[in-house]
Amino acid sequence: MLTYINSTNTSTLLFLISVLGIFLNQKNILVMLMSLEMMFLAVSFNLIFASIHLDDITGQVFSLLILTVAAAESSIGLAILVIYYRIRSVITVELMSLMKG
Numbered sequence: 641m642l643t644y645i646n647s648t649n650t651s652t653l654l655f656l657i658s659v660l661g662i663f664l665n666q667k668n669i670l671v672m673l674m675s676l677e678m679m680f681l682a683v684s685f686n687l688i689f690a691s692i693h694l695d696d697i698t699g700q701v702f703s704l705l706i707l708t709v710a711a712a713e714s715s716i717g718l719a720i721l722v723i724y725y726r727i728r729s730v731i732t733v734e735l736m737s738l739m740k741g
């Protein structure tokens with residue numbers, strides 16, 4: 641069983657890896673979106689671990705809410721990327737400034 645300190649270290653490490661993924665992959669929007677989802681997952685893990693440590697269910701409820709919003713955001717983002725790829729045949733961040741609307 642993970643202790644509270646080890647679990648917060650794990651979620652912090654996951655969060656930092658996702659921030660690093662966003663900064664290192666600034667050309668591929670899909671990798672940036674996946675890193676953003678991993679960031680949401682790290683925050684959710686931190687809420688769950690704190691909820692277990694404090695013996696309170698509020699953190700788990702907020703974690704479920706975060707995961708629900710993240711899933712909706714991810715599906716909308718992927719739908720926009722698919723439409724953009726059909727129009728331009730390339731998915732890069734540099735060309736996203738050409739979008740109009």
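So for the sequence shown, the working numbering puts the first residue at 641; every next one is plus one. Positions of the beta carbon are idealized from the N, C-alpha and C atoms, including for glycine.
Check: CA-CA distance, Met-672 and Gly-661?
Finding: 7 angstroms
Check: CB Ser-647 to CB Met-679, shorter than 9 angstroms?
Finding: no
Check: Where does Asn-668 fall in DSSP's three states?
Finding: In the structure shown, Asn-668 falls within a coil segment according to DSSP collapsed to helix, strand and coil.
Next item on the list: With DSSP as the reference, label Ser-675 as helix, strand or coil.
Entry: helix
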